[in-house]
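Counting in our numbering, the final residue of the sequence shown is number 342, and the numbers go up one at a time with none missing. Yeah, the Cβ is synthetic: ideal placement off N, Cα and C, and Gly gets one too. In this text, all values refer to a predicted model and were calculated from it rather than measured experimentally.
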Amino acid sequence: YISSDLLGDAYEYLIQQFAADAGKKGGEFYTPREVERIIMGILKPHQKDHIYDPTVGSGGFLLEAYNYLKQKSGEKIAKTLYLYGQEQMLDTFAIAKINMFLHGLDSADIRRGDTLSTPQFLNQQGGLQTFDIVVANPPYSIKDWEFDQFKTKYGRTEGYDKPPDKNAGYAFVLHIIKSMNVNGRAGIVLPHGVLFRGGSEGRIREQILKNDLIEAVVALPSKLFYGTGIPAAILIFNKNKPESHKNKVLIIDAERDFLEGKNQNTLRPQDISKIVKAHDGYVDIENYARVVGLKEIEENEYNLNIRRYIENGDKEELINVKIVWDEVKEIEKNREVIDRKVGGYLKELKY
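Below you can see the structure in the form of structure tokens.
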């Protein structure tokens, strides 16, 4: 008899190795587990929560939800979670199914299909099913997607602009918002462009902020993900923010805390807990975290670019212009003396 923990861990190790070898394709089915751990640490799944990943990949997010609750409250309570996932790619869907099974989570409901055009989790009225927690690392910058089906189905663009037909990033965001129940929370990994791009994406971002759904933005270090050096950010959504978080967004700049690797950077346990603690505390931390009011965000035209709100922390040297100018004059004077000397030598040498 081999425990499901051992089998599951071995399979997870193989998936990770496979992702590392697969280069760009690796990122399609594997999210670094440390990133998923941050999101679970922030969202803190409870007993009997319904947790959904619309781009489930190899199932890492669902696994981390289970691991989080198992460490906190034991295996019996962790097994009460309801886990759901949808995956478009057949081989990746198979990997997720096996991953759940080998971890003893065969009750996880993993279905196949394109989430944007044919979401598989519907309620009895034929609308989107809603969940306590939604988590995702959607594929980045998909240019070719079912735009026409998305914009007319399941009311995902009600109250929002239509996402651009050449980039599916905000389509996933709107799908996730619609999939959150009245107390729902979500954690999404997205490239930085969604924080500041204009056009319809800028309008959607403004509408989401005005609806006070974004609780936090976490900037991650670059080179964490397989097959791309693009730095990503975590967006935390909350349909039922605590009173003290209302009309505010916590911005966390975690770009400089990581362990450097040759091809890949990784997050250490202390980096993960620093982010989670900053989120739990929800207060300013110099050069690291800042609670920003919606008024300031509005003044910045709803741009969430991290640099607008947090200084990098690389201290700029203060320059005393008068001292520098005196030094320049001194150098000029010395140069004149040297020039005269050199001129004298050249004369002597009859040049």
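Margin query: Which same chain residues end up closer than 8 Å to residue 283 when comparing Cβ atoms and leaving out the 5 residues on each side of it in sequence?
Written below: Here residue 283 refers to the residue found at position 292 when the sequence shown is read from its first residue. Within the same chain, residue 283 has close Cβ partners 239, 240, 241, 242, 300.
Note to self: For a minimum of 4 consecutive residues, which ranges assigned as the alpha helix (DSSP H) are wholly contained in the segment 148 to 232?
What the structure shows: 160 to 169, 184 to 187, 190 to 201
Item checked: Cβ shell of residue 86 (< 6 Å), same chain only, five flanking positions each side left out -> Position 95 of the sequence shown holds residue 86. The answer, listed in chain order, is 49.
Item checked: Residue from 80, 37, 295 whose Cα sits closest to the Cα of residue 205 -> As a position in the sequence shown, residue 205 is number 214, starting the count at 1. Nearest option by C-alpha distance: 295.
Next item on the list: Determine the DSSP secondary structure at residue 51, reduced to helix, strand or coil.
Entry: To locate residue 51, count along the sequence shown from 1; it is residue 60. Three-state result, residue 51: helix.
Check: Taking the C-alpha atoms as reference points, what is the distance between residue 171 and residue 123?
Finding: As a first step, residue 171 is located in the sequence shown; it is residue number 180 there, counting from the start. As a first step, residue 123 is located in the sequence shown; it is residue number 132 there, counting from the start. Each residue's alpha carbon lies about 6 Å from the other.
Notebook entry, point to check: For residue 338, is the classification buried or exposed, using 16 other Cβ atoms within 10 angstroms of its Cβ as the cut-off for buried?
Noted result: Here the question's residue 338 lines up with position 347 in the sequence shown. Result: exposed.
Check: In the structure shown, what three-state DSSP assignment does residue 138 receive?
Finding: Locating residue 138 in the sequence shown gives position 147, counting from the first residue. If DSSP states are grouped into helix, strand and coil, residue 138 belongs with the helices.
Next item on the list: Determine the closest residue to residue 195 out of 220, 161, 245, 234, with distance taken between C-alpha atoms.
Entry: Counting from 1 along the sequence shown, the entry for residue 195 is found at position 204. Comparing Cα positions, the closest option is 161.
Next item on the list: Figure out for me which residue from 12, 192, 149, 26 has the closest Cα to the Cα of residue 261.
Entry: As a first step, residue 261 must be located in the sequence shown, where it is residue number 270. When each option's Cα is compared against that of residue 261, the closest is 26.
Next item on the list: Helix, strand or coil for residue 41, going by three-state DSSP, please let me know.
Entry: As a first step, residue 41 must be located in the sequence shown, where it is residue number 50. Residue 41 falls in the strand class under three-state DSSP.
Note to self: On the DSSP bridge list, what partners appear for residue 75?
What the structure shows: What you label residue 75 is simply residue 84 of the sequence shown in a count that begins at 1. Residue 75 pairs with 43, 100.
Item checked: Candidates 159, 198, 135, of which the one nearest residue 289 by Cα -> The residue given as residue 289 occupies position 298 in the sequence shown. Here the closest residue by C-alpha is 198.
Note to self: To the nearest angstrom, how far is the alpha carbon of residue 325 from that of residue 257?
What the structure shows: Sequence index remark: in the sequence shown, residue 325 carries index 334 (1-based). Sequence index remark: in the sequence shown, residue 257 carries index 266 (1-based). Using only the alpha carbons, I get a separation of about 53 Å.
Margin query: With three or more beta-carbon pairs closer than 8 Å as the criterion, would you say the segment 216 to 233 touches the segment 166 to 186?
Written below: yes
Check: In terms of DSSP beta bridges, what is residue 332 paired with?
Finding: Sequence index remark: in the sequence shown, residue 332 carries index 341 (1-based). Looking at the DSSP assignment, residue 332 forms no beta bridge with any residue, so it has no partner.
Notebook entry, point to check: Taking C-alpha atoms, which residue in 255, 229, 293 lies nearest to residue 270?
Noted result: The residue labelled residue 270 in the question sits at position 279 within the sequence shown. The shortest C-alpha separation from residue 270 is found at 229.
Notebook entry, point to check: Are the beta-carbon atoms of residue 174 and residue 231 separated by less than 8 Å?
Noted result: By one-based count along the sequence shown, residue 174 stands at place 183. By one-based count along the sequence shown, residue 231 stands at place 240. Yes; because the gap between Cβ atoms is below 8 Å, this pair is in contact.
Notebook entry, point to check: Mind checking residue 90: buried by the 16 CB within 10 Å criterion, or exposed?
Noted result: Locating residue 90 in the sequence shown gives position 99, where the first residue counts as 1. Buried is the call here.
Check: If you compare alpha carbons, which of 292, 251, 0, 216 is closest to residue 92?
Finding: Residue 92 sits at position 101 when you count from the first residue of the sequence shown. Residue 92 has its Cα closest to that of 0, out of 292, 251, 0, 216.
Next item on the list: Report yes if the C-beta distance between residue 106 and residue 22 is below 8 Å; otherwise report no.
Entry: Here residue 106 corresponds to residue number 115 of the sequence shown, with the count starting at 1. Here residue 22 corresponds to residue number 31 of the sequence shown, with the count starting at 1. Taking 8 Å as the Cβ cut-off, residue 106 and residue 22 do not qualify as a contacting pair.
Notebook entry, point to check: Under three-state DSSP, which class holds residue 35?
Noted result: Along the sequence shown, one-based indexing puts residue 35 at 44. Residue 35 falls in the coil class under three-state DSSP.
Item checked: Rounded C-alpha distance that separates residue 63 from residue -4 -> Looking up residue 63 in the sequence shown gives position 72. Looking up residue -4 in the sequence shown gives position 5. Looking at the two C-alpha atoms, the distance is approximately 17 Å.
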